[in-house]
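Beneath this line is the structure, given in structure tokens, with notes to follow.
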Ligand SMILES: Cc1ncc(C[n+]2csc(CCOP(=O)(O)OP(=O)(O)O)c2C)c(N)n1
Ligand SMILES: Cc1ncc(C[n+]2csc(CCOP(=O)(O)OP(=O)(O)O)c2C)c(N)n1
Ligand SMILES: [Mg+2]
Ligand SMILES: [Mg+2]
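Residue numbers (the working numbering), protein chains in the order written: chain E, 42 to 366; chain D, 42 to 366; chain A, 21 to 357; chain S, 21 to 357.
This is how it looks when you write it as structure tokens:
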């Protein structure tokens, strides 16, 4: 349970809880749609990791930018994306954010600052660096947040991005979600980088490693980073430890870990449970208001499914639309 | 002047001086051949940087591996390459190491363990990692040394290499020659990485930053690294500060620095002067023996030019030979 | 007891298991054959192709790696130049883009650049394509063989059947040159006869998968299935087509292809990749150069659309070739003039 | 005073200066046009193309970067998606291999993948080729346009004259799509007439550089010079060839090319890049598809050899096409049958 004091009003904190629940239900729903064959492609759930984007986004404006990954529903919903259009995109509908061209792995929501999910590991990070560069160039004060997983630390491009952002003092925040695995591989088996503060310092910027299960801790950790970016003081690397409760994608066999390990994490590390317990304890909500929040979050997702189901498929004749602007 | 005590016999130290002189004359000769149009392509001199490969190679066996760069003559000569075949390669002759197919930028000398010059910045580093991996796999005790410039620290692949070598504990030594420039760009203008020990430590291996103008300091610094590799204790990053006396390539305009800066470096940082002064001072040679060494180094280069000039061009009809093994 | 006597009866094997068996046999034969890639160990790689190999060969020969495509390709090169024979699996061929520098600028060129001092026996395993592997979208469905077939120093193979998959992979592993070995994701579960005995399929040899004399269809990978389906439908209508599976995309088996076309006088090229600048263009160009006088109709292509692969299935279905298109195009060729 | 009155007399300008002037004009017009690349500031980039621009525009618009090709391409993408119009110089096109993931998997696809929510106005400046830029060897001489021309979402242009270089670069900078702008290193010093007035050359339009009716030669980049030289020599022998400079490699100007071939009935394609799988194959394939009935001879290629570029000049000279070869091949085409 969180022990963090923040400046967040109870209303905002309850809103954050609701967002976490929306992400959770969105993905659980996507999972069951996937099992029923209503969704295709690879669908990667961030269940267990919801605190990170919600804690980060609490500092972001709609016109701030994010770049996301194959595991990006949470990043998008936390940034304010419309779950209707998001669900429609997962179902490949014309009303989806990308008009059904992108799907879960390539969703983007420009209206709320998402420059897109980049399912090629680490590929979105340079894009966030570019958006930050662009803001600096245009004298605007928007910041850019690049989300990526622990596996992305194997990808050279990300170090190019760290270096560029440091050299150019760009308003970008690098957010690593270490969920203990890259597909079947435990982080420490293939990623040597451990000491985040030393690493970032050796490149002339700030890095911190923090618990990512407590949304208020994420919020608190992110504050300095986003302020630094907003004030053109350069980049920060935020490395959050978290855990992926679902398989790498829905339907993935998970031979690399025991059920017990997963259950233990679900029991002890669920960011929604942790935050709920805090809010109850702090008297910001009671059982009933918690139920109301849950019901309203669920309702939004139900509505989104309805919307998506009712929506038309893209017109097959328009398969070549948007290849060129 | 060096103040370093070593275990090197006077004979070996004189041999090292001679090697440094051979590198120097080899490149000065290449420069004048280039000006006279007898060499083509890009020829990149390591004049001023000779101490590094000579200090490193003093620990290496012929069957140890190196990977080199566009600025690779020194790496090769220090590793024992035949200056005749090297010069012939620069002249594009059939007797060259690569039978004239490679030239200065793509020379290799497998007979002495050079896996090749890789003129694509940082591209040779993964190859050295692979050779180290291969030795580990085959249970052999050869080590691999990857040379690269400061500019290579902008290239993401090199971090992939650091990570892989650390994770797999590979017998590889990474040698960065920071000669203050990447073409026209000063190191600090585009490379944020400064604190080498912290950086390497954050990745779980050892890194040191040292003066690269004093060959005995290089030798001393390299000892632990190569021992570590030889004993399968994992990689080391050696970062040497040095200075490039010539332009980026022969004929490059050098608008990015003053003549004074270069002259000052030549006066104060010449590794051959520094080592000569030490050897004279320590009584390991006198003026006369120093002259003799110089004469014999020059003679080898003269011989190499003669050899190369006398050598035949590749047979034009064999332009497609070696495309496939 | 000779190998023959051990049993000549071929078994049914899936394309996936054929690839696995090829690796297994070669790894048993030579402990310097090593498999590298993301999650290739217990997990078996992106598609389970290498499952069970780690249990048999351990870390020494089957090694999980970080997500470092370019460095892995370069590491494979360094290992190949010093006595190993690495097989590197890219989880999806789309990601080989990250490694194209090491594949095309280094591995492909070391033999030549270094004047024959070295060579690079590496197999780059590239699962590619879309089709029954549906809705993977723009970054997990591409067919990028044309990039590699353009680069001298590389060989490029693309088996369409379990039999070819096994024989070509064994040949690729033993080849002294870097080989881009393309496996089609939608073929993994398809089955075919594979002998128990060891065999290799020479790189550079096409295979006539169906004989005919009224037109030639050339199709590799998954497209072969469509071509054969089309051929069957055409036969019902009395048009007997020859279907050639090039199997190797570089070097091209000109003999086999030209001989067929000089017999049939008509040719249809099928390619899943985006139409423009794909390997079919090269086939067509060479056929035109060598068989112009024998051609009774223009060389025609059935190819993927020039679009990134969309996610929605309504769109996806418009992007790739299908057997009906092939039938139509062959008929057009046959009724030309 | 109208632009016309300022002086219609075109000046002689080098290809290099024409490129510089295009950037300069566009950077003056729009401060969101920014040039990124290694040593592009005071040093002027790999070949001095951008010299003096930094002095005029400063760090804000001309920015030296680390040697980080893939990240630079991705950074250009992020900047392009948020209001900038970056020009990224690769020092040599060979190194664009390191960035091909961001160019082809990201920049080329964002418009489509994201359903038109965004677009990526980026110019990738790629100095390529060999020839009079001699003995640069395997990693500094390649012609890799075929890689990019195969990818939907990208445009690819390849000017051969100062006039085209300027007009196409200005068009590329204003284009809402990513454009791979190829400049031939051996052309930098060549001169040609360039008007003082502003002009743009539409992407996708070929140009007939010489009229004739006995055969058509198609040649882009440096090869255009050889084609024109060959045409002149052929004229002496009484053979009048039409020389078409496609200028844009994707999209291809089919109208211009097909019209010419339907007039001349014979076509020779010239390409510096390695023969197999180059853009000439696509030209040939499309010509065959559309003009089969008009062709009196096979479509023929004169192309670079399928080898990495060697260093020694004795070998290098064997690798690239030359005007004599073009003459011979055209004659063969003209005397066919
Ligand atoms: C460059 C690249 N290589 C391989 C893959 C295949 N792949 C997809 S997700 C993934 C693991 C990513 O792990 P991590 O970055 O930790 O993110 P997580 O899935 O844990 O959120 C891999 C290897 C890819 N998408 N991109
Ligand atoms: C990937 C890549 N990008 C650009 C170049 C062009 N280039 C050649 S040398 C060089 C500078 C290299 O600097 P550094 O690594 O410090 O080596 P130095 O030349 O100083 O020895 C550059 C940018 C290249 N060869 N490879
Ligand atoms: Mg992870
Ligand atoms: Mg340097």
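Where a beta carbon is used, it is the ideal one built from N, C-alpha and C, also for glycine.
Rounded C-alpha distance that separates residue i from residue j
| i | j | result |
| --- | --- | --- |
| residue 69/E | residue 136/S | 29 Å |
| residue 214/D | residue 89/A | 21 Å |
| residue 184/S | residue 203/S | 11 Å |
| residue 91/S | residue 117/S | 12 Å |
| residue 280/A | residue 343/A | 21 Å |
| residue 129/S | residue 134/E | 19 Å |
| residue 326/D | residue 55/D | 8 Å |
| residue 265/D | residue 90/D | 21 Å |
| residue 352/D | residue 345/D | 10 Å |
| residue 272/A | residue 225/A | 8 Å |
| residue 345/S | residue 181/S | 22 Å |
| residue 330/S | residue 360/D | 8 Å |
| residue 138/E | residue 244/E | 37 Å |
| residue 309/A | residue 286/A | 14 Å |
Residue-chain proximity (residue i, chain A), Cβ-Cβ < 7 Å
| i | result |
| --- | --- |
| residue 269/E | no |
| residue 327/S | yes |
| residue 195/S | no |
| residue 218/S | no |
| residue 280/S | no |
| residue 167/D | yes |
Residues that DSSP places opposite residue i in a beta bridge
| i | result |
| --- | --- |
| residue 227/A | 265/A |
| residue 175/A | 199/A |
| residue 109/S | 57/S and 145/S |
| residue 351/E | Its beta-bridge partners do not exist; DSSP assigns none. |
| residue 34/S | 211/S |
CB contact below 7 Å: residue i versus chain E
| i | result |
| --- | --- |
| residue 249/D | no |
| residue 237/A | no |
| residue 155/A | yes |
| residue 244/D | yes |
| residue 208/D | yes |
| residue 103/D | no |
| residue 88/S | yes |
| residue 84/A | yes |
| residue 131/S | yes |
Interface flag, residue i vs chain B, CB-CB below 7 Å
| i | result |
| --- | --- |
| residue 275/A | Of the protein chains in the structure, E, D, A and S, none is chain B. |
Contact with chain S by residue i, beta-carbon distance below 7 Å
| i | result |
| --- | --- |
| residue 93/D | no |
| residue 201/E | yes |
| residue 145/E | no |
| residue 372/E | Nothing can be reported for residue 372/E: it is not among the residues displayed for chain E, which extend from 42 to 366. |
| residue 225/A | no |
Touching by the beta-carbon criterion (3+ pairs, under 8 Å), the segment 220-232 of chain E and the segment 130-144 of chain E: no
Residues near ligand 2, criterion Cβ-heavy atom distance below 5 Å: 112/D, 161/D, 162/D, 190/D, 191/D, 192/D, 193/D, 220/D, 223/D, 224/D, 58/S, 87/S, 111/S and 115/S
Sufficient close CB pairs (3 or more, under 8 Å) joining the segment 115-123 of chain E to the segment 304-321 of chain A: no
Inter-stretch contact (C-beta, 8 Å, three-pair minimum) for the segment 102-114 of chain D and the segment 148-163 of chain D: yes
Segment contact flag, the segment 83-100 of chain S with the segment 175-185 of chain E, C-beta cutoff 8 Å, min 3 pairs: yes
Meets three-Cβ-pair contact criterion under 8 Å: the segment 77-93 of chain D and the segment 319-337 of chain D: no
Touch test, the segment 271-288 of chain E against the segment 272-282 of chain D, Cβ-Cβ under 8 Å, three pairs minimum: no
Any 3 or more C-beta pairs closer than 8 Å across the segment 92-109 of chain D and the segment 167-177 of chain D: yes
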